[in-house]
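*Asks:* My questions all concern the structure below.
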Amino acid sequence: MGWIIAIIVGGVAGWLASMVMNRDASMGIFWNIVVGIVGAVIGNLLAGSLLGIEGTIQTFNITGFIIAIVGAIVLLAIVNLVQRGRVR
Numbered sequence: 001m002g003w004i005i006a007i008i009v010g011g012v013a014g015w016l017a018s019m020v021m022n023r024d025a026s027m028g029i030f031w032n033i034v035v036g037i038v039g040a041v042i043g044n045l046l047a048g049s050l051l052g053i054e055g056t057i058q059t060f061n062i063t064g065f066i067i068a069i070v071g072a073i074v075l076l077a078i079v080n081l082v083q084r085g086r087v088r
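At position 72 of the sequence shown the residue is numbered 72 (the numbering used here), and the sequence of numbers has no breaks.
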């Protein structure tokens, strides 16, 4: 049951992060879920090591959701930097 919650919360977190980073039009639901889940992992690594805060998206709580959104924004910022440096 935790994985279903992680997929749903990850999708919402990825969607909100893509709206913040103005990438919503170029991403589908699959990539929103991927960005949200990977962003939650990145956010937990950052929040746990820098701030000592731990949250998870497998058992829904607001701390884990905010950490997932921040991590997804960080992930999309990194993707934007990599794509900007790429020659088209």
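Glycine included, every Cβ here is placed at the ideal spot set by N, Cα and C.
Quick caveat, the model's predicted, so the values are computed rather than measured.
So the candidates are V34, G2 and I4; which of them puts its Cα closest to the Cα of L16?
*Replies:* For the residues V34, G2 and I4, the minimum Cα distance to L16 belongs to V34.
*Asks:* Give me the Cα-Cα distance between I78 and G14, rounded to the nearest whole angstrom.
*Replies:* If I take the Cα positions, the gap works out to 14 Å.
*Asks:* In whole angstroms, what separates the C-alpha of G28 from that of S18?
*Replies:* Cα-Cα distance, rounded: 10 Å.
*Asks:* For R86, name the three-state secondary structure that DSSP assigns.
*Replies:* R86: coil per DSSP, three-state reduction.
*Asks:* I73 and V20: beta carbons closer than 8 Å?
*Replies:* Against a cut-off of 8 Å, the Cβ pair of V20 and I73 comes out as a contact.
*Asks:* Could you please give the first and the last residue of the uninterrupted alpha helix (DSSP H) stretch that includes I53?
*Replies:* Looking at the DSSP string, I53 is not in any alpha helix (DSSP H), and its letter there is neither H nor E.
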